[in-house]
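Just so we're on the same page, the working numbering is the position in the sequence shown counted from 1, plus 50. All residues carry an ideal CB built from backbone N, CA and C; glycine is no exception.
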Amino acid sequence: MEKVKKIVLIGASGFVGSALLNEALNRGFEVTAVVRHPEKIKNENLKVVKADVSVLDEVVGVCKGADAVISAFNPGWNNPDIYDETIKVYLTIIDGVKKAGVNRFLMVGGAGSLFIAPGLRLMDSGEVPENILPGVKALGEFYLNFLKKEKEIDWVFFSPAADMRPGVRTGRYRLGKDDMIVDVVGNSHISVEDYAAAMIDELEYPKHHQERFTIGY
51 MEKVKKIVLI
61 GASGFVGSAL
71 LNEALNRGFE
81 VTAVVRHPEK
91 IKNENLKVVK
101 ADVSVLDEVV
111 GVCKGADAVI
121 SAFNPGWNNP
131 DIYDETIKVY
141 LTIIDGVKKA
151 GVNRFLMVGG
161 AGSLFIAPGL
171 RLMDSGEVPE
181 NILPGVKALG
191 EFYLNFLKKE
201 KEIDWVFFSP
211 AADMRPGVRT
221 GRYRLGKDDM
231 IVDVVGNSHI
241 SVEDYAAAMI
251 DELEYPKHHQ
261 ERFTIGY
């Protein structure tokens with residue numbers, strides 16, 4: 051397999067996006083950061099592009115020539131239309147990636163569609179706070195209803211643990227598939243730095259194809 055060199059990172063200035071950006075740059079990738087607010091990124095080692103990823107032609111334009119696209123797009127947790135926008139924009143992103151001729155697509159997924167018990171997904175459990183439920187459901191339902199049916203490109207949907215927050219990059223974590231990973235006392239957590247390390251590992255040494263995987267301690 052040819053080595054991935056050039057990547058496009060959508061949502062590079064956000065919480066997860068900025069961790070992914072640091073990890074990718076530290077490993078020597080050539081990164082094009084696609085953001086709504088370029089002034090948020092102060093780094094000479096990459097190309098920063100302002101683009102509206104809800105517009106198909108703009109997605110195609112920024113993705114052309116890349117070896118892979120990673121998306122950490124989020125319309126904003128306080129956005130009243132987060133459910134509809136998440137699904138609509140991700141359908142546009144997928145379409146744009148295809149039209150740009152990029153085969154590898156890595157998506158920052160949510161934990162909502164993970165199983166926390168046989169037959170019970172987190173987003174249907176009643177345990178997700180009401181204020182973030184629309185965003186959680188949007189990512190989960192995009193994966194279940196759209197992405198799982200996508201056969202043209204080599205995608206992955208990488209679900210974090212239920213609790214992801216700033217921390218340290220330990221490099222010690224477990225990966226799984228569709229079941230939430232919990233520790234000995236039943237907590238599901240990961241640092242955003244370790245999540246980013248595992249995502250860039252997947253970019254560099256692909257092990258998952260047209261499937262979801264997850265992470266936790």
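Option nearest residue i by Cα separation, candidates the options
{"i": "Ala62", "options": "Leu197, Ala246, Gly115, Ile231", "result": "Ala246"}
{"i": "Asp251", "options": "Val58, Ser121, Leu172, Ala74", "result": "Ala74"}
{"i": "Arg219", "options": "Ala212, Ile231, Ala248", "result": "Ala248"}
{"i": "Glu261", "options": "Asp204, Lys148, Lys56, Lys97", "result": "Asp204"}
{"i": "Lys56", "options": "Phe192, Glu135, Lys114, Glu89", "result": "Lys114"}
{"i": "Asn72", "options": "Pro256, Val242, Ile182, Phe192", "result": "Val242"}
{"i": "Ala188", "options": "Ala116, Lys92, His258, Ile137", "result": "Ile137"}
Same chain only: Cβ atoms within 6 angstroms of residue i, ignoring 5 sequence neighbours per side
{"i": "Val85", "result": "Ala62, Ser63"}
{"i": "Asp228", "result": "Phe165"}
Cβ shell of residue i (< 7 angstroms), same chain only, five flanking positions each side left out
{"i": "Val158", "result": "Val66, Ser121, Ala122, Phe208"}
{"i": "Val112", "result": "Val58, Thr82, Val84, Val99, Ala101"}
{"i": "Ile143", "result": "Ile60, Val103, Val109, Ser121, Phe123"}
Buried/exposed call for residue i, threshold 16 Cβ in 10 Å
{"i": "Leu170", "result": "exposed"}
{"i": "Arg154", "result": "buried"}
{"i": "Asp244", "result": "buried"}
{"i": "Val234", "result": "exposed"}
{"i": "Asn95", "result": "exposed"}
{"i": "Glu135", "result": "buried"}
{"i": "Pro210", "result": "buried"}
{"i": "Ile255", "result": "Contrary to the premise, residue 255 reads as Tyr rather than Ile in this sequence. Classification for Tyr255: exposed."}
{"i": "Pro125", "result": "buried"}
{"i": "Gly160", "result": "buried"}
{"i": "Ser163", "result": "buried"}
{"i": "Gly266", "result": "buried"}
Sequence-distant residues of its chain with Cβ nearer than 8 angstroms to residue i (five each side left out)
{"i": "Glu177", "result": "Ile166"}
{"i": "Glu200", "result": "Ile144, Gln260"}
{"i": "Arg77", "result": "Ile250, Glu254"}
Proximity below 8 angstroms, CB of residue i to CB of residue j
{"i": "Gly226", "j": "Phe263", "result": "yes"}
{"i": "Met173", "j": "Gly151", "result": "no"}
{"i": "Val186", "j": "Gly146", "result": "no"}
{"i": "Val206", "j": "Leu156", "result": "yes"}
{"i": "Tyr133", "j": "Pro184", "result": "yes"}
{"i": "Ile240", "j": "Met214", "result": "yes"}
{"i": "Lys148", "j": "Glu202", "result": "yes"}
{"i": "Ala212", "j": "Ser175", "result": "no"}
{"i": "Val119", "j": "Leu253", "result": "no"}
{"i": "Phe192", "j": "Tyr140", "result": "yes"}
{"i": "Trp127", "j": "Ile182", "result": "yes"}
Paired residues, beta bridge with residue i - DSSP
{"i": "Leu183", "result": "For Leu183, which the question treats as bridged, DSSP gives no partner whatsoever."}
{"i": "Met157", "result": "Ser121, Phe207"}
{"i": "Asp102", "result": "Answer is none; Asp102 lacks a bridge partner."}
{"i": "Asp213", "result": "His239"}
{"i": "Leu170", "result": "Ala167"}
{"i": "Thr136", "result": "BP columns for Thr136 are empty, so no partner."}
{"i": "Gly176", "result": "BP columns for Gly176 are empty, so no partner."}
{"i": "Ala83", "result": "Leu59, Val98"}
{"i": "Asp229", "result": "Phe165"}
{"i": "Glu191", "result": "Partner(s): none; Glu191 has no beta bridge."}
{"i": "Ile265", "result": "Leu225"}
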